[in-house]
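In the working numbering, the protein residues as written are 205 to 336.
See the structure below:
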């Protein structure tokens, strides 16, 4: 296998009234896309939030390419805003006044740049690929 472009090992314990949840997930992938599949409540969204840096207290490591986003052994824990990871929550947390394409392009505009023709073509290709 080629050097993984995504290397993750996350351990996280969450506690709430009436429910405790322990997550221990490890995987590496060189694929352009990686899918997380599992039953409801298995920790898929929790894992994605931890990778994105949205959950404090995660231990382990997250490496994307040559960049280390989290390495608890080395005391590295980049804040979410510095990780460069986009996240769309499964509960329709999109901007309701925008089209799907506008929601996809929001990140480009947010960082103060105009979308390039190539970026717009990429969004169009994704919309076509997923019949949106």
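The beta carbon of each residue, even a glycine, is placed where N, CA and C say it ideally should be.
Please determine, among the options, the residue with the shortest C-alpha to C-alpha distance to residue i.
i: residue 268; options: 333, 221 and 234; result: 234
i: residue 213; options: 258, 237, 273 and 241; result: 273
i: residue 249; options: 225, 265 and 232; result: 225
i: residue 218; options: 335, 262, 210 and 239; result: 262
i: residue 324; options: 336, 306 and 334; result: 306
Using the Cβ count rule (16 or more neighbours within 10 Å means buried), how would you classify residue i?
i: residue 332; result: exposed
i: residue 287; result: buried
i: residue 229; result: buried
i: residue 304; result: exposed
i: residue 245; result: exposed
i: residue 254; result: buried
For residue i, which three-state DSSP category applies?
i: residue 214; result: strand
i: residue 226; result: strand
i: residue 231; result: strand
Where do the N-terminal and C-terminal ends of the alpha helix (DSSP H) with residue i fall, by residue?
i: residue 238; result: Residue 238 -> no alpha helix (DSSP H), and no H or E assigned at all.
i: residue 303; result: It is not in any alpha helix (DSSP H) - residue 303 carries neither H nor E in the DSSP assignment.
i: residue 328; result: 321 to 333
Beta strand (DSSP E) runs wholly inside the region 247 to 287, at least 3 long, in chain order: 263 to 268 and 271 to 275
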